[in-house]
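**Q**
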Amino acid sequence: MTVIKGLYAVSPEAEDSEQLLAKVSRVLDNGVAILQYRNKSANTVRRLRQASLLASLCKSRRVLFLINDDVTLARAVEADGVHLGKTDGSVADARAILGKNAIIGVSCYNDIALAEQAARDGASYIAFGAVYPSRTKPNAVAAPLSLFAEAKRLGLPSVAIGGITPDNAAEVVAAGASAIAVIGGLFDAPDPAAAARQMAALFD
Ligand SMILES: Cc1ncc(COP(=O)(O)OP(=O)(O)O)c(N)n1
Ligand SMILES: Cc1ncsc1CCOP(=O)(O)O
Ligand SMILES: [Mg+2]
């Protein structure tokens with residue numbers, strides 16, 4: 001079984017694919033266990049190009065590679081899996097397309113009932129957030145850290161997302177999150193590689 005644990009980097013929006021590759025490449029060797037390609041604005045051609053570049057990078061660095069929202073794209077680039085929110089399709093459909101070993105993560109926001117449902121549906125992990133206010137997604141619902149202890153009984157890895165930085169990440173890990181998903185706290189840090197090392201070290 002694939003282990004979902006540690007620093008889970010989520011890619012920032014980027015128009016320039018080479019710049020995106022360079023940015024991600026700089027943090028990847030500093031303790032990132034999982035990378036998610038998340039792009040909410042580019043067209044299909046650019047998304048395919050960016051996802052292909054990141055897929056090769058992750059393969060060469062032995063980092064798990066997931067795609068946000070888009071099962072078709074995940075299959076096209078042979079990603080390890082997909083992350084699904086409430087409007088992104090079902091776990092069953094994703095598994096039918098990606099196969100039984102695919103990693104399928106499900107957003108549960110601040111709702112333990114959604115996590116229970118995701119567990120019944122065969123999700124690989126559940127995600128709660130935003131655990132802190134997020135500049136990337138300012139309207140995200142606020143999720144209390146107590147959810148991570150509560151979700152332990154489901155027996156699935158739990159991922160925390162939203163506003164996580166090197167300054168608050170220890171508190172999230174102490175609350176019981178298996179992994180911390182980070183965009184701004186990593187890619188907007190003064191020294192992204194150092195921020196990655198600091199957050200990854202919490203899982204040693
Ligand atoms: C690890 C992780 N957790 C939550 C999300 C959010 O997914 P969703 O609610 O579908 O929102 P968008 O990211 O699609 O805007 C995520 N992407 N990754
Ligand atoms: C996708 C998503 N879902 C809840 S908060 C968020 C954004 C996370 O980005 P950041 O780490 O910059 O707050
Ligand atoms: Mg989504």
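The opening residue of the sequence shown carries number 1 in UniProt numbering; numbering runs sequentially from there.
Ideal Cβ positions, reconstructed from N, Cα and C, are used throughout, including at glycine.
Is Val10 near ligand 4, with its Cβ less than 7 Å from a heavy atom?
**A** This structure simply doesn't include ligand 4; it includes ligand 1, ligand 2 and ligand 3 instead.
**Q** Spell out the partners DSSP gives Gly105 in its beta bridges.
**A** Its beta-bridge partners are His83, Tyr125.
**Q** Nearest CA to the CA of Lys5: which residue from Leu64, Ala22, Ala42, Glu18?
**A** The option with the nearest alpha carbon to Lys5 is Leu64.
**Q** State the DSSP-derived secondary structure class of Gly6, mapped to helix, strand or coil.
**A** In this structure, Gly6 counts as strand in the three-state DSSP scheme.
**Q** What residues in its chain sit with their C-beta under 6 Å from that of Asn30, if we drop five residues either side in the sequence?
**A** These residues qualify, in order along the chain: Ala193, Ala196, Arg197.
**Q** Counting pairs of beta carbons, one from the region 51–71 and one from the region 81–89, are three or more of them closer than 8 Å?
**A** Touching, yes.
**Q** Please find out if some non-hydrogen atom of ligand 2 comes closer than 7 Å to the beta-carbon of Ala177.
**A** No, Cβ of Ala177 sits at least 7 Å from all heavy atoms of ligand 2.
**Q** Within 10 angstroms of the Cβ of Val45, are there 16 or more other Cβ atoms? Answer buried if so, exposed if not.
**A** Its Cβ having fewer than 16 others within 10 Å, Val45 is exposed.
**Q** In three-state DSSP terms, what is Ser56?
**A** Residue state, collapsed to three classes: helix.
**Q** Is Ser146 helix, strand or coil by DSSP?
**A** Helix, per DSSP.
**Q** Taking only the alpha-carbon atoms, compute the straight-line gap between Tyr109 and Phe203 and give it to the nearest angstrom.
**A** Roughly 23 Å between the two C-alpha positions.
**Q** With DSSP as the reference, label Ile112 as helix, strand or coil.
**A** The answer is helix: DSSP assigns Ile112 an H, G or I state.
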